[in-house]
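Notes to accompany the following structure.
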Amino acid sequence: MIALFTNRFLDLVQRWSWMLGCVLVALIFIVSGWGKLMNPHGTAAFMRDAGIPLSGALVYVVIAVELLGGVALAVGFRRQSVALLLLLFLAVMTLSLHNFWHYAGQEQQGQFVQFLKNTAILGGLLFVASAHYKWKYSVGLSFVCRLMIALIFFMNAFGVVSQERSAHELVLAGAPEQLAPLLIRAGQVTQVIGGVLLLFPKRVAVVIGALLLAGFMVPATLTAHAFWSATPDMYSAQLTNFLKNTAIVGSLLTVAGYFAQLAERFGSKGTAKGDVGVRAND
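See below:
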């Protein structure tokens, strides 16, 4: 009975997680690209203030990369190549906009959190770009991708964000003040366990870890980054964080979907399935 349930669970994850994960990762690029398209001059000014000399036709190149790249990633058009393009684009943006080493105090902490979030998204994009190539170092590269995703959960669990601030956000979101510290501790434990499982060599453990972290992220995001009820001055920041967290969930789902189709089914003969079932353009 347990074996049958596990097999059906893995089949369900294999069928839906990869596709849904790619859509969720793509969403941040589509929304960001559309926003830039609606205000190209403001985008150019923002980039110049951040030290990126972007003007004229280059603004529309960035818009095309985000908007068209996001749509292509979501629908599965040359998904691996598009993921690599978005990976390179996001890496440049991350190093330019979230160079936390140039800041101090609370501002440095905020930039570091954004850097970690982008790193997790980069890990998801790298995983999508490389998961189906039978490279000599594919096993090591897979671990690197998962480590990039897991890093923010480990850092958050061990206090990169002050626990007082997190508890305050929970209370503001409606959680009882007496339960806030307990909820914070439960979140820390969940993130550590999920992160360890995500890096585990067993494929089923990776699936469980990825889904555990994704399950943790969803209510945390809906609680902390409800942009639809944010004040006008906080709307943009809340929307950005909501989209980044959504992309991290998407990264976790792509990992879960890929490893679910590799995991050996209980009661089956022989070794685990080969690299089949999830195609590059699915």
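Sequential numbering of the sequence shown, starting at 413, is according to the working numbering.
Every residue, glycine too, gets a C-beta built ideally from N, C-alpha and C.
Remember, predicted model here, so these are calculated numbers, not experimental data.
Query: Outcome for residue 637 when other beta-carbon atoms lying within 10 angstroms are tallied against a minimum of 16; Result: buried
Query: Assigned secondary structure, residue 643 (DSSP; H/G/I helix, E/B strand, else coil); Result: coil
Query: Residue 626 versus residue 660 - alpha carbon distance; Result: 8 Å
Query: Proximity of residue 619 and residue 569 at Cβ, strictly below 8 Å; Result: no
Query: Test item: CB-CB of residue 623 and residue 605 under 8 Å; Result: no
Query: Distance between residue 621 and residue 610 (C-alpha atoms, nearest Å); Result: 5 Å
Query: Neighbour-count burial assignment, residue 489, 16 or more Cβ in a 10 Å radius; Result: exposed
Query: Where the alpha helix (DSSP H) through residue 529 begins and ends; Result: 517-542
Query: Cβ separation of residue 657 and residue 633, assumed to be a contact under 8 Å, to the nearest whole Å; Result: 4 Å
Query: Segments of 4+ residues assigned as alpha helix (DSSP H) that fall wholly inside the stretch 455-510; Result: 469-487 and 491-509
Query: 8 Å CB neighbourhood of residue 461 in its chain, flanking five on each side removed; Result: none
Query: At least three beta-carbon pairs within less than 8 Å, the stretch 486-502 to the stretch 444-464; Result: no
Query: Which of helix, strand or coil DSSP assigns to residue 690; Result: Confidence is the limiting factor: at residue 690 the pLDDT is only 41, short of 50, which leaves the residue's position unreliable, though a coordinate-based value still follows. Coil at residue 690, not helix or strand.
Query: Burial state of residue 468 (16 or more Cβ within 10 Å); Result: exposed
Query: Reduced DSSP secondary structure (H/G/I, E/B, other) of residue 435; Result: helix
Query: Close beta carbons around residue 477, own chain, < 6 Å, minus the five adjacent residues each side; Result: 501
Query: Beta-carbon gap between residue 603 and residue 565 smaller than 8 Å; Result: yes
Query: Beta-carbon proximity check, residue 445 vs residue 479, cutoff 8 Å; Result: yes
Query: Straight-line Cα distance separating residue 518 from residue 693; Result: With a pLDDT of only 42 at residue 693, under the threshold of 50, the placement of this residue in the model should not be trusted; the figure read from the coordinates follows. Looking at the two C-alpha atoms, the distance is approximately 42 Å.
Query: Proximity winner among 435, 630 and 647, relative to residue 487 (alpha-carbon distances); Result: 435
Query: Nearest-angstrom Cα separation, counted from residue 470 out to residue 601; Result: 45 Å
Query: Burial state of residue 429, where buried means 16 or more other Cβ atoms lie within 10 Å; Result: buried
Query: For residue 632, the first and last residue of its enclosing alpha helix (DSSP H); Result: 615-636
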